[in-house]
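Residue numbers (our numbering), protein chains in the order written: chain A, 774 to 902; chain B, 209 to 328. Here the structure comes first, spelled out in structure tokens, and everything after it is commentary.
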Amino acid sequence: MRLQDARQYRLPLAGIVSILHRISGVILLALLPFVIWMFDTSVTSEVSFSTFTSAFVAGLGFLPGWLVKLAALALIWAYLHHLIAGLRHLWMDLTHSVSLEFGRQSAVVTLALSVLLTVLLGARLFGLY
Amino acid sequence: MSEKHGSKRIVVGAHYGLRDWLSQRVTALFMALFTLVVLLQVLMPGELDYDRWAGIFSAQWMKALTFVAILSLAQHAWVGMRDILMDYVKPVGIRLLVQIATIAWLLACAGWAVQVLWRL
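Structure below.
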């Protein structure tokens, strides 16, 4: 087989969900300090709470506000995708749903639902509604 | 003689990975439950100001649940990272180094989260 032939292979949708499950997990791990920082500033006191809310508007130190929002958006997508793909796995484990058809359909649902919810919450985050 | 292959093969004992597989799913359920509980409280009617937000996490039962979620996250992420590193990082030295870094990262984050939680 030549390399050109190998490039003919396409990753199935279930495979895309699978690799995105890994990528989203690594993103969540990398952004963990940001999550805990948000938890810390939002619950500790009223003063820190206002630091928390203003970080998304006025920025945080040398980081502009839009970058903080972008990090939150990455977090939202990664969390949603990881959660939904994980529930898909649990469902497959519990019901032994291992047919090709179920794999493909549930992959479509996972991708569509996580992107749709990310767009909805992202629009809210960036103040579009 | 114990079966080494097929549906009757013994999957308990050392190095079959069943414990990791199971712990990843159990910890996932804890975190999903935590997510649901936070979401339900946040979506209650009324303005979500500081008092209400902090009040959610200062209830003792919520602290216990959050604590379980924090520890679950560390265990869950460790199994996931271990799987990823086994697949993509073949040189043993580098893999070990990244595994150690992952453990340190998770322990540090878990410690910080617990500290925030328990001074509420």
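Glycine included, every Cβ here is placed at the ideal spot set by N, Cα and C.
- Residue contact with chain A for Ser231(B): absent (no Cβ-Cβ distance below 9 Å to any residue of chain A).
- One thing to note: Ile800(A) has its Cβ within 9 Å of the Cβ of Ala851(A).
- At a cut-off of 9 Å, the C-beta of Ala285(B) has a neighbouring C-beta in chain A.
- The Cβ of Trp261(B) sits closer than 9 Å to at least one Cβ of chain A.
- Secondary structure of Leu833(A) (DSSP, three-state): strand.
- DSSP, reduced to helix, strand and coil, places Gly895(A) within a helical segment of the structure shown.
- The alpha-carbon separation between Leu867(A) and Thr235(B) amounts to approximately 16 Å.
- In the displayed model, Pro806(A) falls within a helix according to three-state DSSP.
- Straight across, the Cα-Cα distance linking Leu889(A) with Arg217(B) is about 43 Å.
- One Cα belongs to Gly832(A), the other to Ile311(B), and the distance between them is close to 31 Å.
- One Cα belongs to Ser821(A), the other to Ala262(B), and the distance between them is close to 12 Å.
- The residue among Gly214(B), Leu247(B) and Trp313(B) with its C-alpha nearest the C-alpha of Phe265(B) is Leu247(B).
- Per the coordinates, the alpha-carbon of Arg877(A) lies some 15 Å from the alpha-carbon of Leu860(A).
- Contact of Trp313(B) with chain A is assigned, a C-beta pair being separated by under 9 Å.
- Interface criterion met: the Cβ of Gly859(A) is under 9 Å from a Cβ in chain B.
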